[in-house]
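Chemist:
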Amino acid sequence: MPVDYQPYEMLDKVMTLDMSLRNAIEKLYKSSRNLTGEAPLTYAAAKALIDETKPGDVVFFLTGLLVRSAFTTDIAESDGPIGIATLIYTMQRALNITPVIVADKTMVQPLATVMRHVGYSRIPIDTVQGACAPSKRPTRAYAIVTMSEDAVTAITEAKELLNRFNPAAIISCERGGPNEFGITHNSQGKDISYGHCRSDLLFKTAFEDSGRTVTIGIGDGGNEVGMGNIHDDLYEWLPHGDVCCCGCGGGIIPETKCDVLVSSTVSNWGASALAAAIVIMTGKQEALAGIDVHRNAIEGTAAAGFIDSPTGEIATRIDGMDMPVHLAIAEEFAQIARSYLNSHADMWEKK
Ligand SMILES: [Zn+2]
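For my numbering, add 233 to where a residue sits in the sequence shown, where the first one is 1.
#1: Would you check if there are 3 or more beta carbon pairs closer than 8 Å linking the segment 241-251 to the segment 268-287?
#2: If you check the beta carbons only, do V458 and R408 fall under 8 Å apart?
#3: What residues in its chain sit with their C-beta under 7 Å from that of E285, if we drop five residues either side in the sequence?
#4: DSSP three-state label for E259, please.
#5: Please state whether DSSP places F594 in a helix, a strand or coil.
#6: Anything with a beta carbon under 5 Å from a heavy atom of ligand 1 counts; list them all in chain order.
#7: The beta strand (DSSP E) spanning E335 covers which residue range?
#8: Of all the options S572, H577, G553, which has the alpha carbon lying nearest to the alpha carbon of D251?
#9: Taking the alpha-carbon positions, what's the T296 to I485 distance?
#10: Just the C-alpha distance for D525 and V558, rounded to the nearest angstrom, thanks.
#11: Going straight from the alpha carbon of Q568 to that of C479, what length do you get?
#12: Ignore the nearest five residues each way along the sequence and tell me which others in T438's own chain have a CB closer than 8 Å to its CB.
#13: Name the residue from A336, S405, G482, I330 whose alpha carbon lies nearest to the alpha carbon of P371.
#14: What is the DSSP secondary structure of D433, counted as helix, strand or coil?
#15: Whole angstroms are fine: how far does the CA of R431 sit from the CA of R349?
#16: Specify the secondary structure class of Y427 as computed by DSSP and reduced to three states.
#17: Once you ignore the five residues that flank F566 on each side, which residues in its own chain have a CB closer than 7 Å to its CB?
#18: Could you work out which residue in L494, N419, P343, S302 is closest to V476 when comparing CA atoms only?
#19: Spatial neighbours of A366 within its chain, please: C-beta separation below 7 Å, excluding the five flanking residues on both sides.
#20: Say whether the segment 493-504 touches the segment 313-330, bearing in mind that this needs 3 or more beta-carbon pairs closer than 8 Å, one atom from each stretch.
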């Protein structure tokens, strides 16, 4: 039977609505979609994750963009953490994964605050797999690890993490990706490397290892982990894609590549659309992160001190757009999943 791409096409469409009028997403999406062909991005990413994941498997999640690192490493933006929190919510319920967040050391507490707002307890890395084992009385749990800012040390750490946990997947959402000189840039071409751990090298090592670990990059601006997949296209049009402002000798396009690149207007939207695709593909409607989960995640980022990067303010606002916009988008993803699953209910009925 041919695959019914319709619900995934609709998820792709909603996650790429250019509500912020940045004129970037159309190009980012076109380049990303060229790599998946007839499969929508949400379909390609969900399929890869579901195919490779067994209950109990560890999945690493990368996020955190220290958008004011020239002044302090304590400030990160609110795009990214919400996507990771809501994606973990769905992936753990639908696929029984063991979530492990990889974060900069200044972001451990803020991310823990966001996770608490979506109902998750932080568990030490040594016991998180036991805590996440499927159970009638589950523990909604995750662990956080940090990595070094030094590339040589980080590569050693990456190999240790991959050997120890044999992750089914690594998912990056709005994580700054260093260029070939190891410099992470913001979209204005400035060097914001300071304070960023080299979690990209975990991602890169897994991708290049060509083992079973699926790598998914989610981004919205062209400077995030995974955007190396569309380097040549970005080089043509992305501001500072060819030459940055920091004098490192490169541009802002990250070196890292991934198995599936998900480009969306806001990175959080890409993560939520992917979560909805996983629900559609598994039929597990109970794993949908509803509007309350999204509201809690957004309020959690404000409580944790994440900022809306364009305005620089700690607020329930992401990428310059207020909370109701993000809740509406999240609800549209959920409705697409519900519409599909309810109209195909017989597929999921127990015989
Ligand atoms: Zn530079």
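Note that CB positions come from ideal geometry on N, CA and C, so glycine has one too.
Modeler: According to the structure shown:
#1: yes
#2: yes
#3: A401, A402, R445, V447
#4: helix
#5: Here the chain has residues from 234 to 584 only, and residue 594 is not among them.
#6: I416, C477, C479, C481
#7: It is worth fixing the name first, because residue 335 is Val in this sequence and not Glu. Run containing V335: 331-335, per the beta strand (DSSP E) assignment.
#8: G553
#9: 18 Å
#10: 14 Å
#11: 44 Å
#12: I388, A391, K392, L395
#13: I330
#14: helix
#15: 25 Å
#16: coil
#17: L244, V247, S505, A506, A509
#18: N419
#19: G289
#20: yes
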